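Following the numbering used here, the numbering of the sequence shown begins with 1368 at its first residue and continues without gaps.
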Amino acid sequence: MPENLQTIKTSRVINAEKWRIIRLLTHVGDFPKYMPNVKEAMVLKRDKNKFRTRWRIQIDNVPISWVEEDVLEFPSYSISFKSVEGDLAHLDGRWKLSDHPEGTLVEVNVNFSVGIPVIGQFAEPYIADIMQKNFDSILENIENHLISMRYASFKKGNNEKVAGFAVLGHFYNFNHLLRCLNTLNPNFKIHSREFVSNLFSITPSFKMYDMKDFRSKTGAVTQGHFIVCTFIPDMINMNAARVYSKVVRAAKLAEKYGAGILTLGGFTSVVGERYGHQISKEADIPITTGNTLTAALAVDGSIKAAELMGIDIKNAKVAIIGGTGDIGSACARSFANQARHLVITGRTKSNLRRMWFELKFKYGAKKVEATSDNVKAVKDADIVLACAAVSASILNINAFKPGAVICDLGYPKNISYTATDRKDILIFSGGMSKLPTPLDPGIDTGSPSPDVSYGCFSEVIVLALEKRYESFSKGRGNITIDKMDQIREMAARHGFGVSPFYWGNRLITEEAIGEIRNNARASKS
């Protein structure tokens, strides 16, 4: 072997069997179809396990051509190659495939030399960078091609290649991020908020946790992955395009693990809407927002809380903050023909008008009011559902009348967690579900207990248990009463339902609710 060779190494874990990957590696004639950097790849001669192939690649506008001999070694799942002519004085290497818990570990080692006098000192590091990019790109494109084939087969009705679910979540503010970092490393200390914030903003989305053997009360079992999308809601207003690309890449990560369905937790479900794009058009995996079950849980939880507080829905004023949004509009439809007086709020007058007409004439609301004034809407409301997608609190806890029930679905919260002396209102985190199997992702997700999770997380698990790999909740304003009834029935079958009442991490007991009810009556007398 010549002296002073440049060496590059790269590897990638691909969620596929070894034989599928080796088949793609030997079908070099297909490379130009799905690898932009490979301009030509063809088999010149084939003899059992030996091949002669011609290559032409181009990276950073630099073309490199060569002819190589390849030897396929089946028992070890490896391919050795060595150039016999071409632009490089020497080129040899070896592909090696080995088993990995997440599929197949694909490794490639390459040795080469440019062999050009005088300029070689500059050229070899430069070509090394090009060759590194080439082989990294080959591995990435092989993985992407296998993923595309898997979901193309799924769309034709073959469910064998996909399974389980993926949950896409994010930290809901900077302090939440810091709490999670301290959980992972108790000795971590922040010296500069700006430094941590900027590093976090350029960090790619990543898989945080594998949820194995999630068991339904029926005995059905599924599994899934919790993926962290590296943004906080404030970043959407600063750079929506950047956050959108993070969400798309996170969806691709779910595809890498072969999930059958993905849920968009928190603000990941609204970023596409804010940016004017649909994430479902960028990914092959079925995507649900999880908003249908979230809305159903919020409605059911509010009705349960109202009963405990002695509120008769038929004579109640119900206010929906964010009533033109996806979850808010679903809640409004549910209460339209139940409440005496329904008030919805929103930012856009045209959306408020459209929703007012729908509630009044399609759903038969007795009295419906639409306003952009949140404080006015909740002032004398008996029941408030706070559903606005906002990055900071928009209501003060003193805005509510004694005896009111407040279901806050926001993350971050629509109403601040700030300590208060209000002991005459029942305020709780809404849209939460009790679980048949505890979840512990290893970080603070904002859930108050391992036995409780967000409705959007629960919806995707329910759908995976049902093997209904479909975009059950999608778009905005499409949640119907019928769809809410469907997901309620499926959820109940597997042991999901309205969670106990929490505000933050504090469990609100029946005894505490009794005290709130008595305090409210006393304040009115």
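Using N, Cα and C, we set each Cβ at its ideal position, and we do this for glycine too.
It should be emphasised that the depicted structure is a prediction, and the values quoted were computed from it without experimental measurement.
- Message: Just verifying my parser: in three-state terms, what is the DSSP assignment at I1652?
- Response: Residue 1652 sits at position 285 when you count from the first residue of the sequence shown. Under the three-state reduction of DSSP, I1652 is assigned to coil, being neither helix nor strand.
- Segment contact flag, the stretch 1786-1797 with the stretch 1858-1872, C-beta cutoff 8 Å, min 3 pairs: When C-beta atoms of the stretch 1786-1797 are compared with those of the stretch 1858-1872, three or more pairs fall below 8 Å, so the two segments count as touching.
- Item | Endpoints, the alpha helix (DSSP H) within which G1453 is located | Here residue 1453 corresponds to residue number 86 of the sequence shown, with the count starting at 1. Taken as a continuous stretch (DSSP letters only), G1453 belongs to no alpha helix (DSSP H), being part of the beta strand (DSSP E) at S1445 to G1453.
- Query: Near E1833, which residues of its chain fall below 6 Å by C-beta distance, leaving aside the five closest residues on each side in sequence?
  - Reply: For the purposes of this step, residue 1833 is taken as residue 466 along the sequence shown, with counting starting at 1. M1857.
- Task: Determine which residues share a DSSP beta bridge with G1470 and list them.
- Result: To locate residue 1470, count along the sequence shown from 1; it is residue 103. Answer is H1467.
- Message: Could you give the first and the last residue of the continuous alpha helix (DSSP H) run that contains M1722?
- Response: Taking the first residue of the sequence shown as 1, we reach residue 1722 at position 355. Element bounds for M1722: K1716 to F1724.
- Backbone secondary structure at T1585 - three-state DSSP: Position 218 of the sequence shown, counting from 1, holds the residue named residue 1585. T1585: coil per DSSP, three-state reduction.
- Message: For M1605 and I1761, I'd like the C-alpha separation in whole angstroms.
- Response: Sequence index remark: in the sequence shown, residue 1605 carries index 238 (1-based). Sequence index remark: in the sequence shown, residue 1761 carries index 394 (1-based). A direct Cα-Cα distance of roughly 19 Å separates M1605 from I1761.
- Do A1744 and V1710 come within 8 Å of each other at the CB atom, strictly closer than that value? By 1-based counting over the sequence shown, the position of residue 1710 is 343. By 1-based counting over the sequence shown, the position of residue 1744 is 377. Contact flag set, yes.
- Message: Suppose you measure from the CA of V1735 to the CA of I1670; what does that come to, to the nearest Å?
- Response: Counting from one through the sequence shown, the residue named residue 1735 turns up at place 368. Counting from one through the sequence shown, the residue named residue 1670 turns up at place 303. Whole-angstrom Cα-Cα distance: 19 Å.
- Length of the line joining the Cα atoms of G1643 and A1408: For the purposes of this step, residue 1643 is taken as residue 276 along the sequence shown, with counting starting at 1. For the purposes of this step, residue 1408 is taken as residue 41 along the sequence shown, with counting starting at 1. Reliability of the predicted coordinates at G1643 is poor, the pLDDT of 49 falling under 50, and the value obtained from them is presented with this limitation in mind. One C-alpha to the other measures close to 39 Å.
- Residue burial classification, P1403 (beta-carbon count within 10 angstroms, cutoff 16): Within the sequence shown, the letter at position 36 stands for residue 1403. Classified as exposed, P1403 has fewer than 16 neighbouring CB atoms from the shown chains inside 10 Å of its CB.
- Item | Neighbour-count burial assignment, R1720, 16 or more Cβ in a 10 Å radius | For the purposes of this step, residue 1720 is taken as residue 353 along the sequence shown, with counting starting at 1. Classification of R1720: exposed, given that the 10 Å Cβ count is below 16.
- Inter-residue Cα distance where the pair is F1824 and L1631: Here residue 1824 refers to the residue found at position 457 when the sequence shown is read from its first residue. Here residue 1631 refers to the residue found at position 264 when the sequence shown is read from its first residue. A straight-line Cα-Cα distance of about 8 Å links F1824 and L1631.
- Message: Looking at the strands, I want to know which residues DSSP matches up with I1782.
- Response: Numbered from its first residue, the sequence shown carries residue 1782 at position 415. Looking at the DSSP assignment, I1782 forms a beta bridge with L1762.
- Task: Return the bridge partner residues of P1430 from the DSSP annotation.
- Result: On the sequence shown, position 63 is the one that residue 1430 refers to. In the DSSP output, where bridge partners are listed per residue, P1430 has Q1425.
- Item | Same chain only: Cβ atoms within 8 Å of M1575, ignoring 5 sequence neighbours per side | Position 208 of the sequence shown, counted from the start, is the residue given in the question as residue 1575. Same-chain partners within the cutoff: F1593, I1594, V1595, P1808, G1809 and I1810.
- Item | Proximity winner among Y1518, N1845, S1572 and D1775, relative to Y1836 (alpha-carbon distances) | Taking the first residue of the sequence shown as 1, we reach residue 1836 at position 469. The closest CA to that of Y1836, considering only Y1518, N1845, S1572 and D1775, is found on Y1518.
- Would DSSP call K1841 helix, strand or coil? Reading the sequence shown from its first residue, position 474 is the one you call residue 1841. Look at K1841 here: in three-state DSSP terms it is coil, with no helix or strand label.
- Message: Tell me which residue opens and which closes the beta strand (DSSP E) that T1374 is part of.
- Response: One-based indexing of the sequence shown puts residue 1374 at position 7. Q1373 to I1381 is the span of the beta strand (DSSP E), which, as asked, contains T1374.
- Considering C1774, what are the terminal residues of the beta strand (DSSP E) in which it resides? The residue you call residue 1774 lines up with position 407 of the sequence shown. V1772 to D1775 is the span of the beta strand (DSSP E), which, as asked, contains C1774.
- Message: Pop quiz: D1740 and K1768 are said to be a contact at Cβ under 8 Å. What is the actual Cβ separation, rounded to whole angstroms?
- Response: For the purposes of this step, residue 1740 is taken as residue 373 along the sequence shown, with counting starting at 1. For the purposes of this step, residue 1768 is taken as residue 401 along the sequence shown, with counting starting at 1. Between D1740 and K1768 the beta-carbon gap is near 16 Å, outside 8 Å, which marks them as no contact.
- Query: Can you list, in chain order, the residues of its chain whose CB lies under 6 Å from that of G1864, leaving out five sequence neighbours each side?
  - Reply: As a position in the sequence shown, residue 1864 is number 497, starting the count at 1. Only K1801 meet the Cβ criterion.
- Task: Determine the extent of the beta strand (DSSP E) in which Y1821 is found, giving its start and end residues.
- Result: Along the sequence shown, read from residue 1 onward, the residue named residue 1821 stands at position 454. Residues V1819 to Y1821.
- DSSP state of D1496, grouped into three classes? Position 129 of the sequence shown holds residue 1496. Helix.
- Task: Could you tell me the distance, in whole angstroms, from the CA atom of W1386 to the CA atom of E1649?
- Result: Start at 1 with the first residue of the sequence shown, and residue 1386 comes out as number 19. Start at 1 with the first residue of the sequence shown, and residue 1649 comes out as number 282. In a straight line, the C-alpha of W1386 is about 28 Å away from that of E1649.
- Given 8 Å as the limit, is there contact between the stretch 1406-1420 and the stretch 1516-1534, that is, 3 or more CB pairs closer than that? Under the Cβ criterion (8 Å, minimum of three pairs), the stretch 1406-1420 does not count as touching the stretch 1516-1534.
- Assign G1822 to one of two classes, buried (16 or more other C-beta atoms within 10 Å of its C-beta) or exposed (fewer than that). For the purposes of this step, residue 1822 is taken as residue 455 along the sequence shown, with counting starting at 1. By the neighbour-count rule (16 or more Cβ atoms within 10 Å), G1822 is buried.
- Query: How long is the line joining the alpha carbons of V1829 and T1804, rounded to whole angstroms?
  - Reply: Translated into the one-based positions of the sequence shown, residue 1829 becomes position 462. Translated into the one-based positions of the sequence shown, residue 1804 becomes position 437. Each residue's alpha carbon lies about 12 Å from the other.
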